[in-house]
Amino acid sequence: MQGIEIVATARALPGRCVTNVELSQTVDTSDQWIRTRTGIGQRYRCEEETTAGMAIEAAKKAVEKSGIDKSEIGIVLVATTTPEYAFPSTACLVQQALGLEEDIMSFDINAACAGFLYGLGIVRSMLQNSRKTYALVIGSEHLSKIINYEDRGSCILFGDGAGAAIAKSSTKTFYHKGFTRGNKEFLYCNGLGSKENDFYIHMEGNQVFRFAVSAIEDGVEGILAEAGLTMNDIDYVVCHQANDRIISHVEKKYKDYSAVFYKNIEFYGNTSAASIPICLDEMGEKGLLKEGMRILMVGFGAGFTWSSCLLTW
Ligand code: ACO
Numbered sequence: 002m003q004g005i006e007i008v009a010t011a012r013a014l015p016g017r018c019v020t021n022v023e024l025s026q027t028v029d030t031s032d033q034w035i036r037t038r039t040g041i042g043q044r045y046r047c048e049e050e051t052t053a054g055m056a057i058e059a060a061k062k063a064v065e066k067s068g069i070d071k072s073e074i075g076i077v078l079v080a081t082t083t084p085e086y087a088f089p090s091t092a093c094l095v096q097q098a099l100g101l102e103e104d105i106m107s108f109d110i111n112a113a114c115a116g117f118l119y120g121l122g123i124v125r126s127m128l129q130n131s132r133k134t135y136a137l138v139i140g141s142e143h144l145s146k147i148i149n150y151e152d153r154g155s156c157i158l159f160g161d162g163a164g165a166a167i168a169k170s171s172t173k174t175f176y177h178k179g180f181t182r183g184n185k186e187f188l189y190c191n192g193l194g195s196k197e198n199d200f201y202i203h204m205e206g207n208q209v210f211r212f213a214v215s216a217i218e219d220g221v222e223g224i225l226a227e228a229g230l231t232m233n234d235i236d237y238v239v240c241h242q243a244n245d246r247i248i249s250h251v252e253k254k255y256k257d258y259s260a261v262f263y264k265n266i267e268f269y270g271n272t273s274a275a276s277i278p279i280c281l282d283e284m285g286e287k288g289l290l291k292e293g294m295r296i297l298m299v300g301f302g303a304g305f306t307w308s309s310c311l312l313t314w
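At the far end of the sequence shown sits residue 314, using our numbering, and the numbering has no gaps.
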């Protein structure tokens, strides 16, 4: 099976930025605690913005940057845990707002923070049999609407935002793996129809931390073994930005290798499915991504789900 490559990325963020200092005026915490335990300095929070609105903005920018003919987009996939509607899907709203043709498939997926990478795996397969050339893969999250601001152990972590990528089939080196370890004890949020009367993130931070470290290591090792490569063959590792300490922990394990672990959690917090495409877009903007580079990405989150992907730029 052919792989995929990414031809353009873009991101969209709410206008409102909330610093740790501001948060600590209403929550029993401090800038120092948050920075030391998570690496986060600020995050964005939706006011007028919505999951679909941010997805649309990021998608429009990505199409514009790519210069592609948008009638060649055959799939719109939005990874989100925070859609504003149970239906229609966020992807349908993107299709309409971008004026995409009707002979395409548009749908949302929920694989929590692994959603964007699950999405790349899904469109990789779908593009093999598509009459059209491109897939729009978006991660968009309005997590602030499911945050309990009385729970200082979780409310400091999350931020809102969206990232979009345009993918096409490619013969460039590409490997993808997805995993699931059914678990709802340590990280969950009640959904529509729940008998519970709260719709907030419930998280046992320590348990999630332990899972996250093992998921990254498993994702990295699994994809390297499948590709027959080592960390010396990798230019960048882009992990889901959940906590700086989680990434640093894994970074130490690979300290003798040349791969660079990209981190931007300081500026966005944990934006779940949006974090990896936001990283890619920022890296592109900084001129860090050059043709032929090998990027290893790992996403992990509620479910527990995790996924890793080796992509050639
Ligand atoms: N400010 C100040 N003190 C705090 C705060 C806060 N915001 N939060 C917790 N504390 C206190 C606790 O009450 C506790 O105090 P105590 O010792 O007096 O009881 C102490 O700090 C230590 O608490 P821990 O929970 O053990 O702190 P820890 O170092 O584990 O950090 C954290 C907590 C940041 C949540 C960490 O466990 C973590 O990042 N876990 C992973 C979370 C994650 O990645 N979640 C997202 C997954 S992605 C997805 O799918 C949505």
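Glycine residues also receive a C-beta, built at the ideal position from the N, C-alpha and C atoms.
Computed from a predicted structure; not experimentally measured.
What span of residues does the alpha helix (DSSP H) with residue 43 cover, start to end? Per DSSP, residue 43 belongs to no alpha helix (DSSP H); it is in the beta strand (DSSP E), 43-46.
Measure from the alpha carbon of residue 24 to the alpha carbon of each residue in 97, 159 and 102, then state which is nearest. 159
What does a CB cutoff of less than 7 Å around residue 147 pick up in its chain, not counting 5 residues either side in sequence? 83, 190, 200, 201 and 202
Near residue 176, what residues of its chain come up, given a Cβ to Cβ distance below 6 Å and the 5 sequence neighbours on each side ignored? 224, 227, 228 and 311
Beta-carbon separation of residue 118 and residue 249 under 8 Å? no
From residue 111 to residue 291, what distance separates their C-alpha atoms? 31 Å
Does ligand 1 have even one heavy atom less than 7 Å from the beta-carbon of residue 249? no
Quick check: what's the CA-CA separation for residue 162 versus residue 14? 5 Å
Taking 7 Å as the cut-off, is the beta-carbon of residue 20 closer than that to any non-hydrogen atom of ligand 1? no
Distance check for residue 6 and residue 167, CA to CA, integer angstroms please. 8 Å
So, for residue 192: in the same chain, excluding its five sequence neighbours on each side, which residues have a beta-carbon less than 6 Å away from its beta-carbon? none
Residue 51 classed as buried or exposed, judged by whether at least 16 other C-beta atoms fall within 10 angstroms: buried
The alpha helix (DSSP H) spanning residue 36 covers which residue range? 32-39
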